[in-house]
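**Student:** Residue numbers (the numbering used here): 123 to 376. We treat Cβ as the ideally placed atom computed from N, Cα and C, and that holds for glycine. Nothing here was measured: the structure is a model prediction, and the numbers come from that model. Here you go, one structure.
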């Protein structure tokens, strides 16, 4: 049996967990598909980006209906990420990316530690102007660096929103909308270039991710307390930071 057909149940679990954190999951989908035998450029990346969109969009729908999304921040953030990401991609040709990845990993680690410690900003973004400003500045900066280092940026959206004053559940919910914006842009760019779909596997993975995302997002809305969201995200974020440092900085530099 083709080992790739074990991916739907695996991705169900991945989507269940990451949907609670406002993350799309491409940072896990793509390497898993590649390790199990998919061609990296023509199959793993396009399918991984599609699953990223399915996961985040499904979760965003649930969070939007529950009233957890800060829409002004989310829409502005997403638009400016899409605009600035190509600039980062072009800049990639002339700048070293390892120092940038290291900076992002350190930033993520600090955010994770602050979340786990229970720290909260004293003043948040409460006015409409501050929410739009946060979306424009945050989206431009993260979009640029996401394009520069070749990442979707979802791992960094929640920490930034949390450190700017959004409550943990609202930060995760708002991030799901932002990740949907950036994910659609990335998926379109890949599907129009080199994608070679295995439609049976793609459909099975999409169904699994959709079901996992709906399960995880509904669990987050109804069952999880903000403290639990911070705990889960802090642990996951420390893992992502360690992976970035080890894989993309230390080993690539060796």
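From which residue to which residue does the alpha helix (DSSP H) around residue 169 run?
**Tutor:** 167-187 is the extent of the alpha helix (DSSP H) around residue 169.
**Student:** Drop a sphere of 10 angstroms on the beta-carbon of residue 364, count the other beta-carbons inside from all chains shown, and report buried for 16 or more, exposed for fewer.
**Tutor:** Counting Cβ neighbours within 10 Å, residue 364 comes out exposed, since fewer than 16 surround it.
**Student:** Look at the alpha carbon of residue 131 and the alpha carbon of residue 249, and state the distance between them as a whole number of angstroms.
**Tutor:** One C-alpha to the other measures close to 43 Å.
**Student:** Measure the alpha-carbon distance for residue 204 versus residue 179 and round it to whole angstroms.
**Tutor:** Approximately 16 Å between the Cα atoms of the pair.
**Student:** In three-state DSSP terms, what is residue 159?
**Tutor:** Coil at residue 159, not helix or strand.
**Student:** Indicate whether residue 170 and residue 152 have their beta-carbon atoms separated by less than 8 Å.
**Tutor:** Yes, Cβ-Cβ distance for residue 170 and residue 152 is below 8 Å.
**Student:** For residue 128, which residues in the same chain have their Cβ closer than 8 Å to its Cβ, ignoring the five residues on either side in sequence?
**Tutor:** Closer than 8 Å at Cβ, skipping near neighbours: 158.
**Student:** Take the Cβ of residue 370 as the centre, count every other Cβ of all protein chains shown within 10 Å, and call the residue buried at 16 or more, exposed below.
**Tutor:** So residue 370 counts as buried.
**Student:** Hey, could you find the ends of the alpha helix (DSSP H) residue 372 is sitting in?
**Tutor:** Premise fails: residue 372 is in no alpha helix (DSSP H) and is neither H nor E.
**Student:** How would you label residue 189, buried or exposed, when you count the other beta carbons within 10 angstroms and need 16 or more for buried?
**Tutor:** Flag for residue 189 reads exposed.
**Student:** Between the alpha carbons of residue 176 and residue 194, how many angstroms are there, rounded?
**Tutor:** If I take the Cα positions, the gap works out to 22 Å.
**Student:** Using C-beta distances below 6 Å, list every residue in its chain close to residue 172, excluding the 5 sequence neighbours before and after it, in chain order.
**Tutor:** So the qualifying residues of the chain are 309.
**Student:** When you compare each of 174, 358, 339 and 301 to residue 324 by their alpha carbons, which one comes out closest?
**Tutor:** Of the listed residues, the one whose Cα sits closest to residue 324 is 174.
**Student:** Answer yes if the region 327-345 comes into contact with the region 260-268, meaning at least three C-beta pairs across the two stretches below 8 Å, and no otherwise.
**Tutor:** Touching, no, given that fewer than three Cβ pairs across the two stretches are closer than 8 Å.
**Student:** Shortest alpha-carbon distance to residue 292 belongs to which of 252, 208 and 343?
**Tutor:** Selected option, being the one with the closest Cα: 343.
**Student:** Apart from the five residues on each side of it in sequence, which residues of its chain come closer than 6 Å, Cβ to Cβ, to residue 181?
**Tutor:** Taken in chain order, the residues that qualify are 141, 298, 335 and 339.
**Student:** So residue 356 is in the alpha helix (DSSP H); what residue range does that whole segment cover?
**Tutor:** From DSSP, the alpha helix (DSSP H) with residue 356 extends over 348-365.
**Student:** In angstroms, rounded to a whole number, what distance separates the CA positions of residue 368 and residue 149?
**Tutor:** The alpha-carbon atoms of residue 368 and residue 149 are separated by roughly 15 Å.
**Student:** Could you give the C-beta distance for residue 144 and residue 280, rounded to a whole number, given that I count them as a contact under 8 Å?
**Tutor:** Correct: roughly 5 Å between the Cβ atoms.
**Student:** Using the three-state DSSP reduction, which class does residue 142 fall into: helix, strand or coil?
**Tutor:** Coil, per DSSP.
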